[in-house]
Each structure stands twice: as C-alpha cells, then as structure tokens.
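J.: One structure is given below, represented as structure tokens, and several questions about it will come after.
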Amino acid sequence: MNYIDGFRDPDVAAQFVRLIAEQGRELAANGRHMHIMEVCGSHTMAIGRYGIRQLLPANVELISGPGCPVCVTDPGYIDAAIALAGQGAILATFGDMIRVPGSDSDLTECRSAGGSVEVCYSPSAAVDLARNHPDREVVFLAIGFETTIAPVVSLVGEAQSAGVSNLSLLTAFKLVPPALRALLTDKEIKIDAFLCPAHVSAIIGSKAYEPFAAEFHVPCVVAGFEPLDILYGVHGILGQALKNEASVENQYARVVRSEGNPVAQARIAKYLEPVDASWRGLGVIPASGLGLRPEFAAYDAEKKLGVPVRPGRLHPGCLCGEVIKGKLRPTSCPLFGKACNPDHPVGPCMVSAEGTCAAYFKYGLPGERQGGGK
Amino acid sequence: MCLAIPMKIVEIRDDGKGVAELEGSRHVVDLSLVTGARLGVYVIVHAGYAIETLDQVEADATLALFAEIVQSATSGTEGRL
Amino acid sequence: MSADAVVQLAHGGGGRLTRELIEREIVPRFGSGPLRGLPDGATLPSPGDRLVFTTDSFAVQPLEFPGGNIGHLAVHGTVNDLSVCGGDPKWLSLALIIEEGLPFSVLGRILDSVRAAADACGVTVATGDTKVVARGQGDGLYVNTAGIGSAFPEFVLGTERICEGDCVLVNGTLGDHGMAVMSARQNMDFINGPVSDTGSVHRLVGAVRAFGAAVRFMRDPTRGGVATVLNEMVEGRELGILLKERDLPLAPATRAVAEMLGIDPLHAASEGRLLLICDRDSSSAILKRWRALPEGAGAVCLGTVTRDKGRVVMETVTGGRRLVDVPRGELLPRIC
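Protein chains in written order, with the numbering used here: chain A, 713 to 1086; chain B, 30 to 110; chain C, 3 to 338.
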C-alpha cells in the first residue's frame, strides 16, 4: 500500500530501535528517565498493534493520555443518547460508541431492548437515514477531537442543502490543546515530552504546540501513526532531551502543515463555538469543548429534543480517570482483567476502540516489560 | 482518535466528491475540507472525508531519510540524525 | 409469475401455494435422487462404519454479497464442518425460513447457488423444508443445513494431540468473507472491495488423508476469524501459537478495507479456509499437495506451536510482539 508500507519497513524499524537504545543508555548515564505522553488514542493502539513498548529501553516510558474521545466522555452522554432512543429517535453513531458504559446501560443493550441504533462509518450516512425515515428524528452522536469534528459538523450544511430537518447532533466535541494544558499544570503528572497526534495536528497545525514547548519546556514531536513514524518520533524526542532542548518538531510534514488545515478550521468555526466541557478524569476544563452556535439550534439535539446531557454516574471503583491522565498504568488497576475486561467493561477505557486499557488487554503480553518502569 | 489513511484520487465526480483508491479498492470521499485535491493526488481519508492532502515530496523525503538511516547502519557509520 | 413476484405468507401455508412454491423452486433444482416424489424423509444407504453429522444455520445481511450469497454459505459451511471433523460429506438437508416479501428472483438465485455448490462438492440435498414468516420477522431469508458424511478412518483429531513444534497451515488469504460482507452493507459504497472466499475445503482434507496421524487438528475459521480458532486450539494448555505478521496472507482489497475501517483481519470471518495443525516434518509436503489444488494455491504456514500459556502471539513487522486476542463483541467499523 502506497505511503503506508514504506512506513512499516522492518529494517528501518530495527535501526531505530538500535538508535533509541543508544540514546536510552546515554540518558541513563545521566540518571534520566523519560516519560513520554502519547496523547492520541490512535498512537496508543498503534503502539500496541506493533508491540513497540517492548522495543524501548527501560528508562523510556510511553504513557497513554486522554486522547480517546470516547473514554473522556461523561457516562451521562450515553444516558442522554439512550433516553433519545427511548423517545423514538434513530441514533446514528460511529461503531466506537456501541459498548461504552453509561450510568446503567449502553447502546448495545439499548438496541437489544428495541432502540434504533445504526452504526455508520461516515457521518454522511445520517443524512440518508433522515431522508429514508422522514417521520423520525435522526440523532448523530457527535463525539470526537478536531480530526473528526470537521467531518461531523459538515452534517449541518449537508442537511440544510438537502432540505432535511429531522436530523440533529448530540455534541460532545473536545479540543486537544486545553487538555494538554490541564495535564501539564497537574503537579501529580510527570510528563517530559509529548508525542503529538497525527491527524488532530493536520487540522490545528504543528504551531499549536509551540506555547507548550516554550512555557513548560517539553519537546513536542508531531508523529504519524505508522510504526516507523512512532519510532522516529521517540528518537526525535530523545534527541531533544539529550540536548536539553524543547521545541516543536513536525515529523509528519507529509500531512501536517504548520498552520493546519484552514478550510477545516473555518468550517468548525462557522458552526461551533467554544464551551466548557467535562472530561472524565480531568474534570471540567473551560473552553475545551465545542457546541453548536445558537443560530444552528435546530440541529442541536439537546435543545431541539429537550434532553440535556447531565453528569452521569461513574462505576465505583472505576479508575479510568487516572488511566486517562497517565497516572495509572492499566495493568496496575485492581479491576484490570478481573472485574473489568472487554466483555464486561467497567469503564470506557476498556471498551473504546482506542481505550488505553483495551489496547493493553488486546495487545499486551502480561509479564513482559510494558514500556519499562513499573 | 483519528484512523485515517492515504488514498489516491482516481476520479472527481460531477457532484464534487472524489473516488479514492487503495490497493484497487475504491470509495467515495468528500473533498470539501481540502484544497488541491486533483486526480493522482493522495488524500488522508477519515470517516469518508478527506482531511488533508498528502505532500508526496515530503513523504518521499521522509522515506529517503529512513533509507539513509539503514544505509549508514549497514555501512558501519551509525550516526544520529 | 411476473418478474417482481414475491413470496407470500400463503406460500408457507401448506396448501396450493406451498405446493406451487415447491414445484417451481425446489423440484427442478433438487427433485432427482432422494427428494424424488417429495417423501417426508430421505432413506439413505448407511455411509460406512462411522458417520459424521453436523448442522449449521445461516443468517447474513446482505443476502447477496461480493463473491457469493447465503446459498453458497449454507452448503460450504456444512460441508466444511463435516470435512474438518475428518468426514467425507455426502448428504445435506436444506431448511428455508423465508420472510414474506422476498422476491422470487432472489430466492431463485440463492437456490441456484445451493445446487451449484452442492454439485461442486459432490453432495446431494436429500431432504428439506420451507416455511414463510410474516414481513418483519425474518431478515429476508434464514437457512439451515444439516449434513451427513462418512468418517475417514485415517484421522485421529483432537486439540490434545497438538504439540510444541507443530505447524499451523492455512490454504489461502484471511478474513475475506467478513470484510466482503461488512463492505457490502449499506452505508459503505466500495468498488472493487473485498470478495468473499466462500468455498469448500473437502478436497483439501481429502488430500491429507495419507498423512494420517501427522494431522493433529483441523478447523475452518468462520465467525471470529483465525484469531478465535487459534486461541481455542491452545486455550488452557501449556502451549501457544506464534504467528509472523509478514507471513500473513492477505488479499489486497481485504487488507485495504481493513485498514480503512480499523478492523483486524485476524478477527474477520473466512468461509472457505482450513486451518490445519500438523507435525513439523509433514508441513512442506502438505503445502505442496494443497498448492496443486485451486483452493490451495495460496497455502502457507502461518506460524508454529510454542511453549506458552495458552496464548496466540504475533511477531509484528517492527520485531516487537503483541497478543492476538479473540475479538470482543461485533466486528464494527471504527473511526478512532
């Protein structure tokens, strides 16, 4: 596959592993242990899929962050979606949401109980659904970070052009930079560098990380999701660390521009405005979410259908919040693999397609080194 | 959160959407979020939308860099980038 | 009957219309052999010392997908189950539950496929049944087939026979059926997408009779993909399986669409594949036999049996290893 296989070359991977080992030794000689937060759930999954953690030296640790839009969504969001299905709405959703626990139930159970839940690969499918069911409201479960926000919010324009009015969005859009700031200002979280997301960066631009590099003196390397991208990214971070540098390095220049994608940014700004958002594990972060502007209230499911999203109940004992912040390794959670597993998830980290715990459960080899450290 | 892969545009339809191809499989993608999407250009496709175009010059440069890394290893001159 | 005639409830009522449906759709395709005269049951010669018996039901959406339809699946699925138990498939029963409103044109195509597949596998549809359920109660068509075969005496099959050092062989590319069905579903319009591998493995089984006890175990990976079968094979034992990612045979379209939708091909169903565990010394010879058959042209060794704790592990292209877990829940496209 063009521009994919080349970034999976085993010989290049082996060489990066050697170079990183050398860098690790040099850091160790100075008593240094690197905590690299890979913010994005797609990075977490790719790292798991390719077994990258085990290839790194013991003093270079990859910590998963809150970059799983499903995992950071409050269970109350699922509760609201279920309530809407109960009112007769057709829920159109990405497959990722289908088993995420709400306070009491999830969308799979909702569907078994007769709720209409349609899985879509692309949000455009929701417009067709609305056209084919003119007597029912179609609600698209609009979650995601900047990469997904631009395609999903396009639904509003598409519905308007198609003259479709029985379509609305239940929004839980979140923004990455405010979350990074919240993580960096949390004294209990140790972050030495960020492996920055590939496709969120395509939208917001590599420049978006400059304030963090400057203010908090952390290297920020933008890396793609292929295994060589990740290894190259780690190599770049360690290189900066060895020189005590902290700058933004865009290693995914084949896709990410410094300014990002202005067309996508403009579309987002047209339909959406900043709102405070509640992040599981991080609490409420001001202006960290996006909601539909008042002039588009007709497409805002909460307003249109009178089902506000309220905070839901977390399962007692669920430590997803700690995992999301990178403070707890999944394997250190007392519930991991026992009370909490993919068949019976306690929290979203275990069941989300990109959840940290799901990645560890799915790909991780117990008993082997997982990124070094504890 | 951003499963997206590079696909090549092989057709641009009258309605402005593109047909993008990977390994012979084709899929209709929305091109309204990118500029410069022409026949032969690769786009990064997420949830049926092109979110950016792939800069082939940059891509090839990165691949060339990787090839050099392996070269310098096999020729015994291991160095850092 | 007009071109857009559909099945009605009365076609299942047992009266004149039922007779008509049987006369038009069943008798011409299956009415010779044991079904001649439409007896209530088939009286058949005993197939030898021991017989192999299996049943399977088929529910798939869409009914027709790239590479085949539910009719192909219904024959291949049961023939394959008989085969992997070390049986020589002989007879099938065919039960149809038809939803009111199914076009006769669709039913006809599916039954043509059943006949063609049965002929190709050398099996006979010996008995059957049709029912019609009301609109909304049936998803178009459900099919059940049961199959009888005679047990080949050469095989001694069982997961307990699997040993360290054994090889895991497969006759072709992985995950094609699962990806073909997923990509054919409504919301996704792929062109030149994945094609189902629906097919029978009975000749592949026949080809390894001569290896006798060197064949430890066989299974056809269906729902849950290769990952599910391999995990089942070593579950609870002090053994594991080590796969190499670079050796996984994948059709280009399957691979591409799996990447697009975020699906692991090891979790996607096959419907024409045989996983066989054999002792190391026999693997090259078996592969050679298989590659002489069209359905074995892509046969490869996927990996080996190791000393481990009941796990399936894969060495990825980076050289790192990761667990190959069973799929959890439905296989669904994801964007994250």
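A virtual CB, placed ideally from N, CA and C, is assigned to each residue, including glycine.
Fair warning: this is a prediction, and the values are worked out from it, not measured in the lab.
Give the secondary structure of A:Leu731 by DSSP, where H, G and I count as helix, E and B as strand, and everything else as coil.
T.: Looking at A:Leu731 - three-state DSSP - the assignment turns out to be helix.
J.: Among C:Glu66, C:Trp93, C:Ala271, which has the Cα closest to the Cα of C:Pro47?
T.: Ranking the options by Cα distance to C:Pro47, first place goes to C:Trp93.
J.: Starting from A:Cys780, find everything on chain C with Cβ-Cβ shorter than 9 Å and list it in chain order.
T.: The contacting residues are Cys338.
J.: Do C:Cys338 and A:Val839 count as a contact pair if the criterion is CB distance below 8 Å?
T.: Not closer than 8 Å, so no.
J.: Under the three-state reduction of DSSP, which class applies to A:Tyr983: helix, strand or coil?
T.: Of the three classes helix, strand and coil, the one that applies to A:Tyr983 here is helix, per DSSP.
J.: When you compare the CB of C:Gly305 with every CB in chain A, is at least one pair closer than 8 Å?
T.: Chain A, which has no Cβ nearer than 8 Å to the Cβ of C:Gly305, makes this no.
J.: In angstroms, rounded to a whole number, what distance separates the CA positions of C:Met262 and A:Gly743?
T.: C:Met262 and A:Gly743: Cα-Cα distance of roughly 43 Å.
J.: According to DSSP, is A:Gln952 part of a helix, a strand, or is it coil?
T.: The answer is helix: DSSP assigns A:Gln952 an H, G or I state.
J.: Does DSSP put C:Ile265 in a helix, in a strand, or in coil?
T.: Coil.
J.: In chain order, which continuous runs of the beta strand (DSSP E) of length 3 or greater are located wholly inside the segment 44-94 of chain C?
T.: Correct list: 53-60.
J.: C:Lys246 bridges to which residues according to DSSP?
T.: Its beta-bridge partners are C:Glu317.
J.: Ordered along the chain, which non-local residues of its own chain (more than five positions away) have a Cβ less than 8 Å from that of C:Pro329?
T.: Cβ neighbours of C:Pro329 beyond the five flanking positions: Gly226, Gly227, Ala229, Thr230, Asp266, His269.
J.: With DSSP run on the structure shown, which of helix, strand or coil describes A:Gly1084?
T.: Its pLDDT being 31, under 50, A:Gly1084 is placed unreliably by the model, and the measurement read from it follows with that caveat. It is coil, neither helix nor strand.
J.: Who pairs with C:Met220 in a beta bridge, going by DSSP?
T.: C:Leu278.
J.: Please tell me whether C:Pro335 has its Cβ less than 8 Å away from any Cβ of chain A.
T.: Yes, C:Pro335 counts as interfacial toward chain A.
J.: Roughly how far, in whole angstroms, is the beta-carbon of A:Gly760 from the beta-carbon of A:Lys1074, given that I think they are within contact range, below 8 Å?
T.: Right, the Cβ-Cβ distance comes to about 7 Å (below 8 Å), so this counts as a contact.
J.: By Cβ distance, which residues of its chain are closer than 6 Å to C:Phe32, with the 5 residues on each side in sequence left out?
T.: Within the same chain, C:Phe32 has close Cβ partners Val127.
J.: Using CA atoms only, rank isn't needed, just tell me which of A:Leu803, A:Ala905, A:Ala914 is closest to A:Ala926.
T.: For A:Ala926, the nearest C-alpha among the options comes from A:Ala905.
J.: Going by C-alpha to C-alpha distance, which of A:Leu950, A:Lys955, A:His911 sits closest to A:Val934?
T.: Of the listed residues, the one whose Cα sits closest to A:Val934 is A:His911.
J.: Under 7 Å Cβ to Cβ from A:Phe928, same chain only, skipping five residues before and after it: list those, please.
T.: Closer than 7 Å at the Cβ level, and outside the excluded window around A:Phe928, lie Leu896.
J.: Where do the ends of the alpha helix (DSSP H) carrying A:Glu922 lie?
T.: Taken as a continuous stretch (DSSP letters only), the alpha helix (DSSP H) holding A:Glu922 covers 922-928.
J.: Give me the Cβ distance between A:Leu853 and A:Ala793, rounded to the nearest whole Å; I'm assuming they're in contact under 8 Å.
T.: Yes, A:Leu853 and A:Ala793 are in contact; Cβ-Cβ is about 6 Å, under 8 Å.
J.: Can you tell me where the beta strand (DSSP E) holding A:Gly827 begins and where it ends?
T.: Run containing A:Gly827: none; DSSP gives neither H nor E here.
J.: Should the segment 770-785 of chain A be called in touch with the segment 747-757 of chain A, which here means at least 3 C-beta pairs below 8 Å?
T.: Yes: the two stretches touch, three or more of their Cβ pairs being nearer than 8 Å.
J.: So within the segment 116-191 of chain C, which uninterrupted alpha helix (DSSP H) runs reach at least 4 residues, ignoring any that extend past its ends?
T.: Listed in chain order, they are 178-186.
J.: When the Cα atoms are used, what is the spatial distance from A:Lys1039 to A:Ala891?
T.: Straight-line Cα distance between these residues: approximately 15 Å.
J.: Within the segment 1004-1048 of chain A, note down every full beta strand (DSSP E) run reaching 3 residues or more, in order along the chain.
T.: If we require 3 residues or more, the segment 1004-1048 of chain A turns out to have no beta strand (DSSP E) run fully inside it.
J.: Here's a check: name, in chain order, each residue in its chain whose Cβ is nearer than 8 Å to the Cβ of C:Thr318, leaving out the five neighbours to either side.
T.: Glu247, Arg324, listed in sequence order.
J.: To the nearest angstrom, how far is the alpha carbon of C:Gly312 from that of C:Gln10?
T.: Computed Cα separation, rounded: 51 Å.
J.: To which residues of the same chain is C:Arg187 closer than 6 Å at the C-beta, ignoring the five residues directly before and after it?
T.: For C:Arg187, where only same-chain residues beyond five positions count, there are no Cβ hits under 6 Å.
J.: Return the CA-CA distance between A:Gly1033 and C:Ala148, expressed in angstroms with no decimal places.
T.: C-alpha separation (whole angstroms): 51 Å.
J.: Of all Cβ atoms in chain C, is any one closer than 8 Å to the Cβ of B:Ser54?
T.: B:Ser54 counts as touching chain C.
J.: Which partner residues does A:Val1149 have in the DSSP bridge list?
T.: Lying outside 713 to 1086, the shown extent of chain A, residue 1149 of chain A is not represented and no answer is given.
J.: So with CB distances below 8 Å, who are the chain A contacts of B:Ile98?
T.: Result: Val724, Gln727, Phe728, Leu731.
J.: Mapping DSSP to helix, strand and coil, what is C:Arg211?
T.: Helix.
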